[in-house]
Amino acid sequence: MSDEIDSGLSFDNSYAEQLVGFYTSNQGDKAPAPSIIAFNQSLARSLGLDLDKLSQRQLAAILSGGTHIKGATPLAQVYAGHQFGIFSPQLGDGRSILLAEVLDDSGLRRDIHLKGSGRTAYSRSGDGKAGIGPVLREYLMAEAMQQLNVPTTRALSVVSTGEKIQRHKPLAGAVLARVASSHVRVGTFEYFADRGQTDQVKQLADYVINRHFPQSSLSPLTQSHCYLQLLSEVCKSQAALVSKWMNLGFVHGVMNTDNMSICGETIDYGPCAFIDSYDPKALFSSIDSQGRYRYNNQAPAALWNLARLGETLLPLIGTQAKQTIEQAFNVSNDFSANYRQQWLERMRRKLAIYNEESEDLALALTLMNSFQLNYQKFWLDGVRSKLGLSNAEPEDKKLADDLLEIMAAQKVDYTRLFRALAQAVTGLQGPATDLFSHPLVFEQWLQRWSDRRERDPQTPVARAAAMNLVNPIYIPRNHLVEQAIKAAEEQADYGPFEKLQRVLNQPFTEREGLEEYAAAAGDASARYTTYCGT
Ligand code: AMP
Ligand code: MG
1 MSDEIDSGLS
11 FDNSYAEQLV
21 GFYTSNQGDK
31 APAPSIIAFN
41 QSLARSLGLD
51 LDKLSQRQLA
61 AILSGGTHIK
71 GATPLAQVYA
81 GHQFGIFSPQ
91 LGDGRSILLA
101 EVLDDSGLRR
111 DIHLKGSGRT
121 AYSRSGDGKA
131 GIGPVLREYL
141 MAEAMQQLNV
151 PTTRALSVVS
161 TGEKIQRHKP
171 LAGAVLARVA
181 SSHVRVGTFE
191 YFADRGQTDQ
201 VKQLADYVIN
211 RHFPQSSLSP
221 LTQSHCYLQL
231 LSEVCKSQAA
241 LVSKWMNLGF
251 VHGVMNTDNM
261 SICGETIDYG
271 PCAFIDSYDP
281 KALFSSIDSQ
291 GRYRYNNQAP
301 AALWNLARLG
311 ETLLPLIGTQ
321 AKQTIEQAFN
331 VSNDFSANYR
341 QQWLERMRRK
351 LAIYNEESED
361 LALALTLMNS
371 FQLNYQKFWL
381 DGVRSKLGLS
391 NAEPEDKKLA
401 DDLLEIMAAQ
411 KVDYTRLFRA
421 LAQAVTGLQG
431 PATDLFSHPL
441 VFEQWLQRWS
451 DRRERDPQTP
461 VARAAAMNLV
471 NPIYIPRNHL
481 VEQAIKAAEE
491 QADYGPFEKL
501 QRVLNQPFTE
511 REGLEEYAAA
521 AGDASARYTT
531 YCGT
């Protein structure tokens, strides 16, 4: 093809090849005047992009859509989703496409995906476009999360398209290229389950097991009930993810099932934000009037979503469980009826099928066990690290909970306080106590924490260093993100965005001259509101 570009990448498009019927081909729209605003060099290199071979013009064309790229099979994925608890039977990539898949330099399969590239079969009444503000926001947030060691989709580039899009006012259009371990969502399973297409649910589950959880199909124990194992693995990775959000004070804001990635990465940065002053009920999104996805509802919301995933897998899990039980039953054919019954009960318990009649109950118990237990463990492990504790004691949860309660009562800045605790370890308590309007109650807590540290063998210097590796000094503070976006939107000035991005690239390393990036917003009490990135 004459206008085809050779990106130099070797694509391996497993979704396009193995899941025909799960998408619609779509190349995206050609942008009138694509221009690269942000580009993630190190990520590009890890994907194998040969930057010496491609001109800026070619790169901008590739990263904004509408271009024939050698070996790519661009497509829009179909999915459904529960949005704020209400089921939408068909959503899908309405303003994005999966451009292609590559194996990166560590052999991991990565999706390259464009967001804002134009209408698709799933756009409904939307225009398929994205504005520069939300796109820069996703770039900043996703890359910050990556540096904060949270599983996340990555941001590869932002290209301004050269066209205006209509929102509450005309905005500059842009396309985000993002990279993910995959874009399969809970909602992808829901789409096929809702239509009674169990074969497709199985096809998708097998694909996901092969792509993300190959160990679960290898284990001899789980081979016979790999779908139950798949559910349990997804529960575990979500527990790990949400516990990290909670430890960092991150509020995703729109945890609909279509925004929950099956591989446990944070995805779809819309109305997300970090807490400034600590408030367990922190809520930023303009559209979440009930507070369904507020800060301290995130673990229950994740569990609710996982129950929806479990429902889609029930026909597969049920069949497997029954088969396994029957196999066991056949082996024991000559046993007395009574003994057989006992054996059956034992098998059911082993398989977490507590009551064959009530598969919902069995499912709920399985989920509860793997999600709730894992979540609490991961969260507490995270808090222990934040408090510089390397060993575990039963009273640690109470110690952490009490600190959070004092912080909430006095509206203390979450990030600053944890960072200041490392200074307290090496004898400098002022930076921490100064954050409290009534320090007495905090000082009592400091004493308890100091007593606890006596039973944890680490030198103060080593403890403080370890704490500074998990308690960031720089996070994407709401007012900084807003400033960067405003300059870009209103003056096409990308300087503040670039500076903030550089600061957030090393969130744990304090650097001179960056004090304003570590400071709380001027008016911390002002309620910050975020909007969905449409
Ligand atoms: P989100 O809230 O970003 O997760 O999007 C929810 C659904 O709306 C997804 O199916 C999106 O693809 C779709 N959507 C959001 N914005 C647009 C738009 N501007 N045009 C078309 N579809 C959109
Ligand atoms: Mg979404």
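In this text, residue positions in the sequence shown follow our numbering: the first is 1, and each later residue adds one.
For each residue, glycine too, the CB sits at the ideal point set by N, CA and C.
- Inter-residue distance for N305 and I267 is about 14 Å (C-alpha atoms, whole angstroms).
- At least one heavy atom of the ligand AMP falls within 7 Å of the beta-carbon of L91.
- Per the coordinates, the alpha-carbon of P472 lies some 36 Å from the alpha-carbon of A80.
- Rounded to whole angstroms, F418 and K386 show a C-alpha spacing of 7 Å.
- Under the three-state reduction of DSSP output, K244 falls in the helix class.
- Beta-bridge analysis with DSSP links L75 to S25 and L98.
- Taking a C-beta distance under 8 Å as the contact criterion, H113 and A180 qualify as a contact pair.
- Runs of alpha helix (DSSP H) with 4 or more residues, each lying fully within the segment 133 to 214, are found at 186 to 194 and 198 to 212, listed in chain order.
- Closest in alpha carbon position to D279, among K202, G118, G65 and Q410, is Q410.
- The set of residues with any CB-heavy atom separation to the ligand MG below 6 Å comprises, in chain order, D258, N259 and D268.
- In this structure, K129 has its beta carbon less than 7 Å from a heavy atom of the ligand AMP.
- Note: A273 is bridge-paired with V251 in the DSSP secondary-structure output.
- Cβ neighbours of M255 within its own chain (closer than 6 Å, five residues either side excluded): Y293 and A301.
- Sorting F274, G270, F442 and D451 by C-alpha distance to the C-alpha of G133 places G270 at the top.
- Fewer than three beta-carbon pairs drawn from the segment 137 to 147 and the segment 102 to 109 are found closer than 8 Å, and the two stretches are therefore not classed as touching.
- Counting other Cβ atoms within 10 Å of its Cβ, Q444 stays below 16 and is therefore classed as exposed.
- Nearest in C-alpha terms to S232, of all of T188, D29, Q215 and K244, is Q215.
- Excluding its 5 nearest sequence neighbours in each direction, G21 has C-beta neighbours in its own chain below 8 Å: Q200, listed in chain order.
- In chain order, P151, T152, T153, A180 and S181 place their CB closer than 7 Å to the CB of E265, counting only its own chain and leaving out the 5 sequence neighbours on each side.
- Not one heavy atom of the ligand AMP is found less than 7 Å from the C-beta of Y531.
- Between the segment 310 to 319 and the segment 271 to 291 there are fewer than three inter-stretch CB-CB distances shorter than 8 Å, so the stretches are not counted as touching.
- Bridge partners of T530 according to DSSP: S285.
- For V254, the CB falls within less than 7 Å of some heavy atom of the ligand AMP.
- Bounds of any beta strand (DSSP E) do not take in S106, whose DSSP letter is neither H nor E.
- At least one heavy atom of the ligand AMP is found less than 7 Å from the C-beta of S123.
- If you compare the alpha carbons of G173, F87, D413 and L19 with that of D206, the shortest gap goes to L19.
- For A38, the enclosing beta strand (DSSP E) has its first and last residue at S35 to F39.
- A Cβ-Cβ contact shorter than 8 Å links I37 with Y494.
- Bounds of any alpha helix (DSSP H) do not take in G65, whose DSSP letter is neither H nor E.
- Contact between the segment 235 to 244 and the segment 51 to 65 is absent, with fewer than three C-beta pairs closer than 8 Å.
- Looking from the CA of V78, the closest CA among L446, F189 and G71 belongs to F189.
- The C-alpha of V383 is placed about 17 Å away from the C-alpha of D451.
- For F87, the enclosing beta strand (DSSP E) starts and ends at I86 to S88.
- Beta bridge pairing from DSSP links K129 with S117.
- For H479, the uninterrupted alpha helix (DSSP H) segment begins and ends at N478 to Q491.
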